[in-house]
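Residues in the sequence shown are numbered consecutively from 1, following the UniProt record's numbering. The beta carbon of each residue, even a glycine, is placed where N, CA and C say it ideally should be.
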Amino acid sequence: MNAPVMSASRPALQPDSGSQHSAARAGQRPDFAVIGGGLCGRLVAWRLAGAGHRVALYERGDAAGSQSAAWVAAAMLAPLAEAASAELLITRLGAASLDSWPRILAELPQPVFFQRNGTLVVWHHSDRSEAPLFERRLRANAPAELLDGGLLALSGAQINAAEPALAGRFTQGWLLPHEGQLDNRQVLAALAAGLVERGVETHWNTPVDDHALPAAHVTIDCRGLGAKPVLPTLRGIRGEVARVHAPGIGLARPVRLLHPRYPLYVAPKQNDLYVIGATEVEGEDMSPVSVRSALELLSAAFSVHPGFGEARILELNAQCRPTLPDHRPALVWDGAQTLRVNGLYRHGYMIAPEVADEAVRFALALADNKLADADAFTNWKQGARWNELFHLDHRNPRDTVREPA
Ligand SMILES: Cc1cc2nc3c(=O)[nH]c(=O)nc-3n(C[C@H](O)[C@H](O)[C@H](O)COP(=O)(O)OP(=O)(O)OC[C@H]3O[C@@H](n4cnc5c(N)ncnc54)[C@H](O)[C@@H]3O)c2cc1C
């Protein structure tokens with residue numbers, strides 16, 4: 001394996017004045033540089049710092065995370081509902097991560113809205129043929145433990161009882177009682193505060209170039225779609241959402257509407273805020289939400305509950321989900337000192353705790369020189385909990401330049 005080339009040239013980093021620089025103040029080279037402070041990057045950096053390591057995080061956008069896919073996401077934690085389109089690996093990662101979120105949130109210095117009140121799945125009478133298809137896919141792609149007591153067929157009367165806001169509107173549905181959701185922006189903010197609390201050196205508004213990586217023993221690349229130059233098969237899948245304020249409706253949990261062309265959801269957050277989403281459009285178009293998509297999203301919400309007709313549109317947002325060809329997340333080692341964490345597609349919040357944990361374990365082994373070559377990597381992979389996630393990228397970038405130690 002070639003080690004990354006070291007160079008005396010300094011990277012063109014311009015940390016903003018609000019950054020926290022505990023590691024730099026101490027004059028020490030960080031153990032870990034995390035590039036990309038969206039969902040994964042924050043979680044990985046926070047975990048590594050919690051294990052007592054010196055960590056620096058570099059994010060091209062602000063501390064709020066407004067340039068990340070994580071900023072736009074609905075943050076539903078719905079491994080069973082996602083089994084309608086996701087394979088078993090993803091639903092298992094989601095189930096394990098759902099159990100981890102409350103522990104993570106309990107350690108963060110700011111409160112985060114988290115709910116484990118289930119998902120309600122409904123459909124209009126004209127789309128009733130979607131229901132058996134949905135059920136069949138769930139039974140095929142979800143682990144038995146999620147299905148056990150996790151998929152309840154509801155009559156109209158039972159829907160009325162479970163979700164009084166929708167009383168009289170649907171004659172059949174499914175309740176997936178164990179699923180969850182959280183507030184994406186609160187998590188990003190709480191993780192930013194957690195990074196400060198744990199002494200992470202944070203560089204907001206600081207894009208990192210592959211040819212000028214910051215100095216560190218180990219680099220963890222969590223740039224999402226920003227990692228395209230080094231992950232050529234990575235692509236974006238555009239998603240559009242509306243955020244509306246709709247007092248008086250009072251949905252108790254996310255509602256998914258089955259539809260052959262527009263399978264959409266309405267996710268209630270705190271204070272009568274609803275995230276309505278999301279489209280799936282191939283391509284990396286980051287332009288504003290189209291009229292067609294806005295009409296689809298808002299009509300779907302209106303068809304779930306007419307009260308959305310009086311809702312106020314707070315935001316219409318578009319972002320791209322970082323996606324690999326197999327729609328799986330990947331932990332890609334470059335054979336030297338860099339691990340890339342990417343491909344979380346539409347499941348970032350749902351699976352991030354397990355993916356980040358696996359990344360942290362690997363990064364720690366890398367820092368401890370336990371991964372000297374491809375054989376060591378193969379052994380590591382065989383022993384890993386989620387071994388399907390690991391890949392060795394033999395194209396070790398020769399032109400990588402690091403800050404001197
Ligand atoms: C519309 C929509 C709805 C979604 N809904 C859900 C949902 O309900 N449930 C769920 O689980 N998931 C959902 N997701 C998916 C989830 O948001 C993503 O899977 C997750 O955000 C991926 O995390 P990430 O950290 O890999 O990437 P991101 O969150 O995109 O973070 C990457 C970060 O890297 C930074 N960056 C990029 N290039 C550079 C550079 N050169 N230097 C420094 N920083 C850089 C970016 O600014 C960004 O902050 C949704 C996504 C979208 C778009």
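Where residue i sits in the DSSP three-state scheme
| i | result |
| --- | --- |
| Tyr262 | coil |
| Gln28 | coil |
| Gly335 | coil |
| His124 | coil |
| Glu296 | helix |
| Met350 | helix |
| Phe134 | helix |
| Gly283 | strand |
| Gln67 | coil |
| Pro109 | coil |
| Gly156 | helix |
| Arg321 | strand |
| Leu364 | helix |
| Asn369 | coil |
| Pro288 | coil |
| Leu57 | strand |
| Glu315 | strand |
| Asn141 | helix |
| Arg256 | strand |
| Pro329 | coil |
| Arg340 | strand |
| Leu146 | helix |
| Ala33 | strand |
Residue i: CB within 6 Å of a non-hydrogen atom of ligand 1
| i | result |
| --- | --- |
| Gly224 | yes |
| Leu39 | yes |
| Ala242 | no |
| Gln337 | no |
| Arg256 | no |
| Gly239 | yes |
| Tyr262 | no |
| Pro207 | yes |
| Met286 | no |
| Gly277 | yes |
| Tyr349 | yes |
| Tyr274 | no |
| Val360 | no |
| Pro322 | yes |
| Ala75 | yes |
| Val200 | no |
| Gln186 | no |
| Ala63 | no |
| Arg60 | yes |
| Ser68 | yes |
Close-in-space but distant-in-sequence residues of the same chain around residue i (CB under 6 Å, 5 per side omitted)
| i | result |
| --- | --- |
| Ala74 | Ala267, Val275 and Gly277 |
| Ala24 | Residue confidence for Ala24 is low, a pLDDT of 47 falling below 50, so the modelled location carries little weight; the figure read from the coordinates is stated next. The answer, listed in chain order, is Glu201. |
| Gly18 | Any reading at Gly18 is ruled out, since the residue's pLDDT is 39, under 50, leaving its predicted position unreliable. |
| Val281 | Arg238 |
| Ala63 | Ala192 and Trp204 |
| Arg346 | Arg321 |
| Leu39 | Ala70, Gly348 and Ala352 |
Buried versus exposed, by CB contacts within 10 Å (16 or more), residue i
| i | result |
| --- | --- |
| Thr219 | buried |
| Asn271 | exposed |
| Gly309 | exposed |
| Ile313 | exposed |
| Ser68 | buried |
| Val291 | exposed |
| Asn184 | buried |
| Leu88 | exposed |
| Gly65 | buried |
| Thr279 | buried |
| Thr28 | Residue 28 is actually Gln in this sequence, not Thr. Per the 10 Å Cβ criterion, exposed. |
| Lys269 | buried |
| Gly94 | buried |
| Asn369 | exposed |
| Thr323 | buried |
| Gly41 | buried |
| Ser293 | buried |
| Thr119 | buried |
Other residues of its chain near residue i: CB distance less than 7 Å, five sequence neighbours each side excluded
| i | result |
| --- | --- |
| Gly36 | Glu59, Asp221, Cys222, Arg223, Gly224 and Gly226 |
| Phe30 | Checking the sequence, you will find Pro at residue 30 rather than Phe. Cβ neighbours of Pro30 beyond the five flanking positions: Ala23, Arg54, Val55, Ala56, Glu201 and Ala216. |
| Gly248 | Gly307 |
| Ala153 | Trp174 |
Cutoff 8 Å; reference residue i; Cβ partners in own chain excluding five residues on either side
| i | result |
| --- | --- |
| Ala91 | Reading off the sequence shown, one finds Thr at residue 91, where the question assumed Ala. Correct list, in chain order: Pro79, Leu80, Glu82, Ala83, Asn141, Ala142, Pro143 and Leu146. |
| Lys381 | Asn387 and Phe390 |
| Glu284 | Leu225, Arg235, Gly236, Arg238 and Cys320 |
| Leu339 | Val218, Thr219, Ile220, Asp221, Leu331, Val332, Trp333, Ala359, Phe362, Ala363 and Leu366 |
Cutoff 7 Å: residue i Cβ touching any chain D Cβ
| i | result |
| --- | --- |
| Ile276 | As a matter of chain content, chain D is missing from the structure shown, which is built from one protein chain. |
**OP:** At 4 residues or longer, and completely inside the stretch 160-248: list those alpha helix (DSSP H) runs for me, N to C.
**Re:** Taking only runs of at least 4 residues, the alpha helix (DSSP H) segments lying wholly in the stretch 160-248 are 184-197.
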